[in-house]
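Laid out in structure tokens, this is it:
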């Protein structure tokens with residue numbers, strides 16, 4: 003992904019280190035995604051939750067949901083610590099995958115199509131293409 007301007011990215015998926023050593027090892031509790039990218043555009047903070055999959059792209063959905071909850075937690079801490087800070091946030095889940103049967107983008111002016119769920123909108127994108135962050139924004 004390419005973007006001009008300021009972005010901040012982080013990853014909790016740093017094997018073999020465990021970012022949650024204080025949690026018991028239960029199904030899904032320690033789930034983490036590959037990257038979280040923060041990008042401010044105008045008065046809106048976009049948070050891109052990114053998962054990379056070589057198998058079934060749908061297997062990345064639980065990890066993106068966990069990432070959305072993690073971001074909600076971080077934002078809640080910021081709002082508690084700095085009560086005057088008011089940031090409009092849009093979260094987007096993106097699963098980049100290696101599946102060959104995925105349609106290519108029609109043209110550079112097209113935008114990502116998102117499926118909705120109870121936590122975060124999610125789209126699927128082939129990992130063999132170059133994207134701008136704007137492709138994943140609704141505008």
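In the numbering used here, the protein residues as written are 3 to 141.
Note that beta-carbon positions come from the ideal geometry of N, C-alpha and C, so glycine has one too.
* To do: Verify whether the separation of the beta carbon atoms of residue 72 and residue 97 is less than 8 Å.
  => no
* To do: Could you tell me if residue 95 is buried or exposed, where buried requires 16 or more neighbouring beta carbons within 10 angstroms of its beta carbon?
  => buried
* Pick helix, strand or coil for residue 1, following the three-state DSSP scheme. => Because the chain is modelled from 3 through 141, residue 1 falls outside the range shown and cannot be assessed.
* From residue 114 to residue 134, what does the alpha carbon distance come to, in whole angstroms? -> 11 Å
* Do you know how far the Cα of residue 10 is from the Cα of residue 37? -> 10 Å
* Asked: When you compare each of 138, 130, 131 to residue 123 by their alpha carbons, which one comes out closest?
  -> 138
* To do: Take residue 107 and list the residues in its own chain whose beta-carbon comes closer than 6 Å to its own, dropping the five residues that flank it on each side.
  => The predicted model places residue 107 with a pLDDT of 49, which falls under 50 and marks its position as unreliable; any figure quoted below should be read in that light. Result list for residue 107: empty, nothing under 6 Å.
* Assigned secondary structure, residue 131 (DSSP; H/G/I helix, E/B strand, else coil) -> coil
* Using only the heavy atoms of the ligand PLP, determine whether one of them is closer than 7 Å to the beta carbon of residue 46. => For the ligand PLP, the structure offers nothing, since it holds no ligand at all.
* **DSSP beta-bridge partners of residue 99** => 55, 128
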